[in-house]
Amino acid sequence: MQELSSLQAKNAQEAEALRIKYLSKKGEISQLMNDFRSVPADLKKELGMRINELKNFAQEKINTLKESVGETTAAGSSSIDLTRTPYPIALGSRHPITIVKNEIVDIFSRLGFTLAEGPEVEDDWHVYSSLNFADDHPARDMQDTFFVESHPDIILRSHTSSVQSRVMEKTQPPIRILCPGRVYRNEAVSARAHCFFHQIEGLYVDKNVSFTDLKQVLLLFAQELFGPDTKIRLRPSYFPFTEPSAEMDVSCTICGGKGCSMCKGSGWLEILGCGMVDPAVLEANGIDSSIYTGYAFGMGIERITNLKYQVKDLRMFSENDVRFLDEFVSAK
Ligand code: PHE
Numbered sequence: 004m005q006e007l008s009s010l011q012a013k014n015a016q017e018a019e020a021l022r023i024k025y026l027s028k029k030g031e032i033s034q035l036m037n038d039f040r041s042v043p044a045d046l047k048k049e050l051g052m053r054i055n056e057l058k059n060f061a062q063e064k065i066n067t068l069k070e071s072v073g074e075t076t077a078a079g080s081s082s083i084d085l086t087r088t089p090y091p092i093a094l095g096s097r098h099p100i101t102i103v104k105n106e107i108v109d110i111f112s113r114l115g116f117t118l119a120e121g122p123e124v125e126d127d128w129h130v131y132s133s134l135n136f137a138d139d140h141p142a143r144d145m146q147d148t149f150f151v152e153s154h155p156d157i158i159l160r161s162h163t164s165s166v167q168s169r170v171m172e173k174t175q176p177p178i179r180i181l182c183p184g185r186v187y188r189n190e191a192v193s194a195r196a197h198c199f200f201h202q203i204e205g206l207y208v209d210k211n212v213s214f215t216d217l218k219q220v221l222l223l224f225a226q227e228l229f230g231p232d233t234k235i236r237l238r239p240s241y242f243p244f245t246e247p248s249a250e251m252d253v254s255c256t257i258c259g260g261k262g263c264s265m266c267k268g269s270g271w272l273e274i275l276g277c278g279m280v281d282p283a284v285l286e287a288n289g290i291d292s293s294i295y296t297g298y299a300f301g302m303g304i305e306r307i308t309n310l311k312y313q314v315k316d317l318r319m320f321s322e323n324d325v326r327f328l329d330e331f332v333s334a335k
């Protein structure tokens with residue numbers, strides 16, 4: 004060890020020569036390893052440890068020598084060009100769906116919404132029956148829902164509203180949740196439809212929750228997401244689990260409402276469904292509808308992402324084409 008600690012090297016060649024002398028296959032330390040076989044068994048453990056120690060020590064010492072000679076020669080050496088442009092470091096990107104989901108979650112969490120999740124493989128009760136879908140409602144049809152062949156009661160959820168039901172059956176109000184997740188529908192895959200996509204659902208149940216609260220929260224959301232000049236419009240609609248129900252449009256994110264090809268001349272873009280939770284849904288999930296009221300809303304994340312980034316083909320989101328994903332490197 005003493006011999007090793009006093010080693011010196013003036014340049015890289017000398018340091019390399021030392022490495023060869025001690026650490027190469029035929030070097031002095033490796034030689035010790037070879038002799039190891041002839042050592043009596045009871046000494047092997049002790050000796051093995053010693054040799055390893057020595058080897059590590061030599062390795063460290065020689066590394067330090069190499070570093071120090073490397074440093075002193077690098078600055079003056081003509082073989083290293085310090086002005087050369089470095090190789091670019093390829094940065095990864097978040098998936099556009101994740102970027103937009105995070106943005107939506109961020110806006111609502113500032114309003115006190117917390118995250119809730121539920122299973123993608125669900126049962127009929129949570130996806131349909133507990134949400135006031137009649138037994139013969141067309142959404143239950145094979146056209147729409149994926150069933151597990153041997154268990155017609157087990158399905159792939161076709162909307163994230165199932166998470167509302169899962170939370171309400173376990174929690175008493177106040178409930179203020181946001182449920183992002185993947186949903187499945189039995190549709191032929193094309194540029195405009197896919198058999199799976201992502202939704203984000205909001206639910207607020209408490210005393211005295213009114214439609215006015217819903218409208219104000221959605222206005223704030225739209226302005227945070229698309230800019231402070233964004234206007235919203237609510238059109239009457241129908242969902243089995245909300246009454247009254249509405250669909251919400253935002254003023255076109257491209258033309259600002261004047262009319263363009265994006266909004267097909269109307270100036271408005273539909274982005275979500277919403278309404279006051281139907282009292283029958285509260286009751287089915289164990290919440291007293293004479294005390295509590297609530298609102299719910301749900302939107303497709305792909306749809307919002309298309310509006311923000313003008314992605315023309317829905318299939319792009321699930322193909323993992325790096326050229327497409329790379330376009331989002333600079334996004335948050
Ligand atoms: N679940 C509805 C859908 O998939 C959206 C929705 C959610 C509507 C909550 C109203 C309230 O289209």
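The sequence shown maps to residues 4 to 335 in our numbering.
Note that the Cβ used here is the ideal one computed from N, Cα and C, for glycine as well.
ask   = Taking DSSP as the reference, what is the three-state secondary structure of S293?
value = coil
request  = Return the first residue and the last residue of the alpha helix (DSSP H) that I180 is part of.
outcome  = Where I180 is concerned, there is no enclosing alpha helix (DSSP H), although the beta strand (DSSP E) it sits in stretches over 178-187.
Spatial distance of K48 from I92 (CA atoms) = 46 Å
query = Helix or strand or just coil, what does DSSP make of S10?
reply = Note that residue 10 corresponds to Leu in the displayed sequence, not to Ser. L10 falls in the coil class under three-state DSSP.
Nearest neighbour of E190, chosen from Y295, C182, S254, F199 [CA to CA] = F199
task = Let me know the secondary structure DSSP gives E286 once reduced to three states.
result = helix
task = Tell me whether N66 is buried or exposed, calling it buried when 16 or more other Cβ atoms sit within 10 Å of its Cβ.
result = exposed
ask   = Does the Cβ-Cβ distance between L68 and A20 come in under 7 Å?
value = no
message = For a test of your reading of the model: does the CB of T245 fall under 6 Å from any non-hydrogen atom of the ligand PHE? Yes or no.
response = At least one heavy atom of the ligand PHE lies closer than 6 Å to the C-beta of T245.
Of the residues L217, S321, L181, the one placed nearest L118, counting alpha carbons only = L118 has its Cα closest to that of L181, out of L217, S321, L181.
Nearest candidate by alpha-carbon position, reference N37, set R22, N55, D45 = N55
key: alpha helix (DSSP H) runs contained entirely in the region 44-129, provided each spans 4 or more residues   = Unbroken alpha helix (DSSP H) runs of no fewer than 4 residues, entirely contained in the region 44-129, are found at 44-79, 99-112, following chain order.
key: Residue from R87, T308, L114 with nearest C-alpha to L222   = Of the listed residues, the one whose Cα sits closest to L222 is L114.
query = According to DSSP, is P141 helix, strand or coil?
reply = helix
inquiry  = If contacts are defined as beta-carbon pairs under 8 Å, then I157 and D126 qualify, I think. What distance do you get, rounded to the angstrom?
reply    = 6 Å
request  = Could you check what DSSP says for T308 in three-state terms: helix, strand or coil?
outcome  = DSSP places T308 in helix when its eight states are reduced to three.
query = Where does F39 land, buried or exposed, given buried means 16+ other C-beta within 10 angstroms?
reply = exposed
query = Less than 6 Å between the CB of G278 and some heavy atom of the ligand PHE, yes or no?
reply = yes
query = Within this structure, are the beta carbons of S254 and K234 separated by less than 7 Å?
reply = yes
query = In terms of DSSP beta bridges, what is T245 paired with?
reply = F242, V280
query = Can you round the beta-carbon distance between I102 and L228 to whole angstroms, since I take them to be within the 8 Å contact cut?
reply = About 12 Å separates the two Cβ atoms, so there is no contact after all.
query = Is it true that the region 318-331 meets the region 241-254, where meeting means three or more beta-carbon pairs spaced less than 8 Å apart?
reply = Because the criterion of three Cβ pairs below 8 Å is not met, the region 318-331 and the region 241-254 do not touch.
key: 7 Å Cβ shell around S333 - same chain, five flanking residues per side excluded   = none
message = If you reduce the DSSP assignment to three classes, tell me which class V314 lands in.
response = Coil at V314, not helix or strand.
query = Taking buried to mean at least 16 other C-beta atoms within 10 Å of its own C-beta, is Y312 buried or exposed?
reply = Per the 10 Å Cβ criterion, exposed.
task = Run the CB neighbour count on P183, radius 10 Å, all protein chains shown included, and call it buried at 16 or more, exposed below.
result = buried
task = Using the Cα positions of E31 and Q16, report the straight-line distance between them to the nearest angstrom.
result = 18 Å
ask   = How big is the Cα-Cα spacing for K218 and T163?
value = Between the alpha carbons of K218 and T163 lies a distance of about 21 Å.
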